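Here the structure comes first, spelled out in structure tokens, and everything after it is commentary.
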Amino acid sequence: MSFKKRRRQLAAKVLPPLIWGLIQLIWKTCRVEKVIGGEHIQALQADKVTFIPCYWHQQQIFCVRYLLDQAAANPDLKLGYLISPSADGDMATQMFGDQGVHIIRGSATRGGAQALREIYQRIRKDGISPIVTPDGPTGPIYKTKPGVPMLSQLSKAPMLPMAYRASRVWQLRSWDRFMLPVPFSRIVLALEAPVHVTREDSADEFGKACVRLDDALERASQNCENYLASR
Numbered sequence: 001m002s003f004k005k006r007r008r009q010l011a012a013k014v015l016p017p018l019i020w021g022l023i024q025l026i027w028k029t030c031r032v033e034k035v036i037g038g039e040h041i042q043a044l045q046a047d048k049v050t051f052i053p054c055y056w057h058q059q060q061i062f063c064v065r066y067l068l069d070q071a072a073a074n075p076d077l078k079l080g081y082l083i084s085p086s087a088d089g090d091m092a093t094q095m096f097g098d099q100g101v102h103i104i105r106g107s108a109t110r111g112g113a114q115a116l117r118e119i120y121q122r123i124r125k126d127g128i129s130p131i132v133t134p135d136g137p138t139g140p141i142y143k144t145k146p147g148v149p150m151l152s153q154l155s156k157a158p159m160l161p162m163a164y165r166a167s168r169v170w171q172l173r174s175w176d177r178f179m180l181p182v183p184f185s186r187i188v189l190a191l192e193a194p195v196h197v198t199r200e201d202s203a204d205e206f207g208k209a210c211v212r213l214d215d216a217l218e219r220a221s222q223n224c225e226n227y228l229a230s231r
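If you're matching positions, the sequence shown starts at 1 in the UniProt record's numbering and goes up one per residue.
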């Protein structure tokens with residue numbers, strides 16, 4: 001076994017509990033002060049509609065926490081986590097597999113039509129709402145890939161834009177500028193109205209749907225920043 005492979009296996013065993021411990025610390029010490037636009041997810045849940053929660057890759061920590069809390073309060077909400085078939089994806093699978101989330105290995109942003117069909121079948125069979133990071137797994141940052149609206153069209157599930165901001169944050173030097181809230185920070189989340197892609201939309205329309213989702217995610221982020229700046 002090569003040194004590189006041994007190192008990767010060791011990281012897969014050691015890193016998940018360390019990262020999960022840090023996430024738990026952040027969750028327990030930070031305070032969610034405001035949720036803007038919560039009525040959008042409440043309406044979807046009231047109608048028992050399967051949907052696709054979407055947020056930028058950098059904003060995982062509290063968007064995931066909010067969705068887990070929603071699922072805990074509403075047994076009809078079956079969350080799925082769309083995780084790329086990569087080494088990073090292996091670690092994410094270990095961390096979130098025990099949280100009651102349906103893990104789907106694949107990518108709505110990479111992998112082509114066959115991968116999308118497989119994900120679609122899981123959505124329809126299990127009635128799950130798959131979490132998607134539209135600019136993941138490798139960027140470019142803040143740019144939705146066409147596979148996301150394609151998945152929305154196939155599954156008839158609207159995309160639900162989400163964002164969060166923290167009053168104090170560490171920002172990593174990764175491609176996504178991943179955000180780690182400083183413990184004891186104030187947290188604000190924002191949701192926008194669902195973005196729909198209909199059966200009548202052609203492939204040419206997917207680019208416009210990407211822009212609509214980009215704009216909605218930017219509005220959600222800006223709403224969070226405006227709230228924090230006003231307090």
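Glycine included, C-beta positions come from ideal geometry on N, C-alpha and C.
Keep in mind that this is a model prediction, so the values were computed, not measured.
- Just measuring C-alpha positions, the residue of 81, 60, 79 and 149 sitting nearest residue 197 is 149.
- Its Cα nearest to that of residue 38, the residue 223 stands out among 120, 223 and 213.
- Straight-line spacing of the CA atoms in residue 178 and residue 156 works out to 30 angstroms.
- Short of 7 angstroms from the beta carbon of residue 184, and not among the five residues preceding or following it, lie these beta carbons of its own chain, in chain order: 29 and 30.
- According to the DSSP assignment, residue 72 belongs to the alpha helix (DSSP H) that extends over 60-73.
- The beta carbon of residue 27 lies closer than 6 angstroms to those of 65 in the same chain, with the five residues before and after it left out.
- In this structure, the CA atom of residue 51 is about 31 angstroms from the CA atom of residue 173.
- Within the stretch 150-177, the beta strand (DSSP E) runs of at least 3 residues that lie entirely inside it are, in chain order, 159-166 and 169-171.
- With contacts defined as CB atoms closer than 8 angstroms, residue 188 and residue 227 qualify as a contacting pair.
- Sorting 102, 63, 60 and 61 by C-alpha distance to the C-alpha of residue 80 places 102 at the top.
- Nearest neighbour of residue 75 by Cα position, chosen from 23, 128 and 55, turns out to be 128.
- For residue 46, the enclosing alpha helix (DSSP H) starts and ends at 39-46.
- By alpha-carbon distance to residue 161, the top candidate from 214, 153 and 19 is 214.
- The alpha-carbon of residue 124 is positioned some 22 angstroms away from that of residue 55.
- Linking residue 208 to residue 139 through their CA atoms gives a straight-line distance of about 19 angstroms.
- Note on residue 145: 16 or more other CB atoms within 10 angstroms of its CB, so buried under the neighbour-count rule.
- Rounded to whole angstroms, the gap between the alpha carbons of residue 13 and residue 171 is 25 angstroms.
- By alpha-carbon distance to residue 133, the top candidate from 159, 93, 19 and 24 is 159.
- Cβ contact annotation for residue 206 (same chain, cutoff 7 angstroms, sequence separation greater than five): 146, 149 and 150, in chain order.
- Exclusion of the five residues before and after residue 154 leaves 116, 117 and 120 as the residues of its chain whose Cβ lies within less than 8 angstroms of its Cβ.
- If you draw a 10 Å sphere on the C-beta of residue 130, you find 16 or more other C-beta atoms in it, and that means buried.
- Residue 73 counts as exposed, since fewer than 16 other C-beta atoms from the protein chains shown sit within 10 angstroms of its C-beta.
- Cβ-Cβ separation between residue 126 and residue 78: approximately 6 angstroms, consistent with a contact (criterion under 8 angstroms).
- In the assembly as shown, residue 69 is an exposed residue. Its beta-carbon has fewer than 16 other beta-carbons within 10 Å.
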